[in-house]
Amino acid sequence: MEIALGRLKALDFMKGLGLVIVLLAHWSMWWTDHTWTSASAFALLFTRFLGIPNFTLMSIIGLMLSLKGKEETCGAREQFTRVLKRAAIFLFIGSINNIIYAWDALQVPVVPIGWKILFVLFSCNVLTFIGIAQIALVFFKRLHVAFQVVTITAIILAYYAFLPVITPIITPNTEQTVELLASTPATIVYTFFFMENTMAPLIPSLAVPFLASVVYARFSKAISAKPFTMERVLHELRFVRLVSITIMVLGITIGATLTTGIFSYARYTELVLPDATRLWTAPGYPLFLHLTHPSYVLFSFGALSLLLTLAFEAIDIKARRGRVVERLAVFGKYSLTIYLLNPIAIFFPIPLNMFGFIALWTMATSLSIAGTWIWETRWEGKYSVDWFIRKIASTNITLFLATLPAFSSAKKQKDMLFPA
1192 MEIALGRLKA LDFMKGLGLV IVLLAHWSMW WTDHTWTSAS AFALLFTRFL
1242 GIPNFTLMSI IGLMLSLKGK EETCGAREQF TRVLKRAAIF LFIGSINNII
1292 YAWDALQVPV VPIGWKILFV LFSCNVLTFI GIAQIALVFF KRLHVAFQVV
1342 TITAIILAYY AFLPVITPII TPNTEQTVEL LASTPATIVY TFFFMENTMA
1392 PLIPSLAVPF LASVVYARFS KAISAKPFTM ERVLHELRFV RLVSITIMVL
1442 GITIGATLTT GIFSYARYTE LVLPDATRLW TAPGYPLFLH LTHPSYVLFS
1492 FGALSLLLTL AFEAIDIKAR RGRVVERLAV FGKYSLTIYL LNPIAIFFPI
1542 PLNMFGFIAL WTMATSLSIA GTWIWETRWE GKYSVDWFIR KIASTNITLF
1592 LATLPAFSSA KKQKDMLFPA
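The sequence shown lines up with residues 1192 to 1611 when you count with this note's numbering.
Given below as structure tokens:
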């Protein structure tokens, strides 16, 4: 028995599950009458690691396993070219995301134009983070394991080294003040390396692809080994599971302290809003649930990796694939397309109470999953963002354009190049 590295259903299933949480988080901001903001923040506090962090980690692990599986058929230069093209697309889309995210800030006249350009190009959101992580992973996996561990440690320590510099400057009243963020070297460093921008601060989040490279190194070799042995795969899977539990417990232990925020205070403010439905009254919440803290990286990586090992064993090894699993896996296969399309809801704000939102979110999410399933089964996902990325990454641009309808015949190509 062999397992296809190119399309592990467990990875797609996990990304599909992550999208469900992403839709919950995003749509709850736009389909609300603001009488249950605290309840929404409370629910997302304990589930958001299943959302964006899940989406990014599964993308990174999927790339890592794919690179390992194609080592014999693709040279190092060809593999790097494929990764570079994929990363460039993520960075480009991420820059557009930055323009949308910081549109108001970009209009502030006192902010230098150079800062605005740098923010658009390099401020780290979830998409730019995936692009950066893909490139970093290619180089990192070639290092000796000792250097890999040192690199991960350095990223974690960088957070603690910068903490006393920026903590006095960033307060609940100034954390989103663009004039401040662009005013001093310290705040500029904070903006580009430590600030939470759509749930992906570069530091300490950059430790995630490197952790994946170390933890999944032996498993990736086992799953692509010739000859393939299931016993070895299961052995390495148990090793990954044990390491994942250890990392998760370490993150919870380090981040057990209650606090209202470090660098980011918005979540606690939402938790304690005096709205109609409030579920949290504690003076702060655990550090391992703070997006910008290293303990969150350790906790979320360990928890998600543990869930992935369980899903992989059940779905890809034991082939337990019910209707829900199959449809969520297809949903996850087109995760980037869904992620980019879901903000359309912002143009249709609906003032709903909590139970009305739950009903609409359930219906809209189910329709999205069903629509993606139809798109895949009838048209093989053609012309989705994910389809374009796969095509561009696997071919050169000329051959890719030739597959599109406008370039499908030699005559049309000639007419376009040499019009009468």
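No residue lacks a Cβ here, since even glycine has one placed at the ideal position from N, Cα and C. Since the structure is predicted, the reported quantities are computational estimates derived from the model, not experimental observations.
Where residue i and residue j are concerned, what is the direct C-alpha to C-alpha distance, given to the nearest angstrom?
i: S1455; j: V1340; result: 28 Å
i: P1418; j: L1256; result: 17 Å
i: L1462; j: K1582; result: 43 Å
i: S1250; j: D1295; result: 31 Å
i: I1347; j: I1357; result: 16 Å
i: L1519; j: Y1407; result: 24 Å
i: L1527; j: I1565; result: 17 Å
i: I1541; j: I1508; result: 43 Å
i: A1232; j: R1458; result: 7 Å
i: K1307; j: T1448; result: 36 Å
i: L1433; j: T1375; result: 44 Å
i: T1264; j: S1314; result: 36 Å
i: I1535; j: F1283; result: 20 Å
i: M1421; j: L1354; result: 46 Å
i: T1450; j: Y1351; result: 16 Å
i: A1293; j: T1444; result: 35 Å
i: L1470; j: R1239; result: 17 Å
i: A1510; j: E1262; result: 27 Å
i: I1537; j: A1416; result: 47 Å
i: A1345; j: F1338; result: 10 Å
i: V1612; j: T1362; result: No statement about residue 1612 is possible, as the shown extent of the chain runs from 1192 to 1611 and does not include it.
i: E1517; j: A1279; result: 30 Å
i: A1285; j: A1327; result: Looking at the sequence shown, residue 1285 is not Ala but Gly. Looking at the two C-alpha atoms, the distance is approximately 17 Å.
i: L1309; j: L1334; result: 30 Å
Quick check on the burial criterion: 16 or more other C-beta atoms within 10 angstroms. Buried or exposed for residue i?
i: Y1530; result: buried
i: T1223; result: buried
i: Q1325; result: buried
i: G1305; result: exposed
i: F1539; result: exposed
i: M1386; result: buried
i: T1319; result: buried
i: L1208; result: buried
i: F1546; result: exposed
i: R1191; result: Since the first and last residues shown for the chain are 1192 and 1611, residue 1191 lies out of range.
i: P1392; result: buried
i: T1563; result: buried
i: L1235; result: buried
i: V1424; result: buried
i: L1489; result: buried
Does the distance from the C-beta atom of residue i to that of residue j stay below 9 Å?
i: N1166; j: V1213; result: No information on residue 1166 is available, as it lies outside the stretch 1192 to 1611 that the chain covers here.
i: H1481; j: I1453; result: yes
i: Y1525; j: D1577; result: yes
i: S1411; j: G1266; result: no
i: I1323; j: L1402; result: no
i: F1281; j: I1321; result: yes
i: I1287; j: L1297; result: no
i: L1497; j: L1241; result: no
i: T1460; j: W1227; result: no
i: Q1270; j: V1211; result: no
i: V1405; j: V1336; result: yes
i: Y1381; j: I1414; result: no
i: R1409; j: V1431; result: yes
i: V1521; j: I1560; result: yes
i: A1612; j: I1379; result: The structure shown does not extend to residue 1612, since the chain spans only 1192 to 1611, so no value can be given for it.
i: F1503; j: L1199; result: yes
i: K1229; j: L1464; result: Lys is not the amino acid found at residue 1229; the sequence shown has Ser there. In this structure, L1464 lies closer than 9 Å to S1229 by Cβ.
i: K1332; j: L1275; result: no
Give me the Cβ distance between residue i and residue j, rounded to the nearest whole Å; I'm assuming they're in contact under 8 Å.
i: G1442; j: D1203; result: Rounded, the Cβ-Cβ distance is 26 Å, inconsistent with contact.
i: L1478; j: G1446; result: 3 Å
i: G1475; j: S1435; result: Actually they do not touch by this definition, with Cβ atoms about 27 Å apart.
i: A1201; j: I1438; result: About 19 Å separates the two Cβ atoms, so there is no contact after all.
i: V1302; j: A1373; result: 5 Å
i: K1206; j: F1237; result: So it is not a contact: roughly 20 Å between Cβ atoms.
i: R1273; j: A1584; result: 5 Å
i: T1472; j: L1428; result: About 41 Å; that fails the 8 Å criterion.
i: S1491; j: P1244; result: 4 Å
Just checking, does the stretch 1395 to 1405 make contact with the stretch 1482 to 1491 on the three C-beta pairs under 8 Å criterion?
Yes: the two stretches touch, three or more of their Cβ pairs being nearer than 8 Å.
Can we say the stretch 1559 to 1579 touches the stretch 1237 to 1251, given the rule of at least three CB pairs closer than 8 Å?
The stretch 1559 to 1579 vs the stretch 1237 to 1251: no contact.
Check whether the stretch 1217 to 1234 touches the stretch 1549 to 1564, counting contact only when three or more Cβ pairs, one atom from each stretch, lie closer than 8 Å.
Touching, yes.
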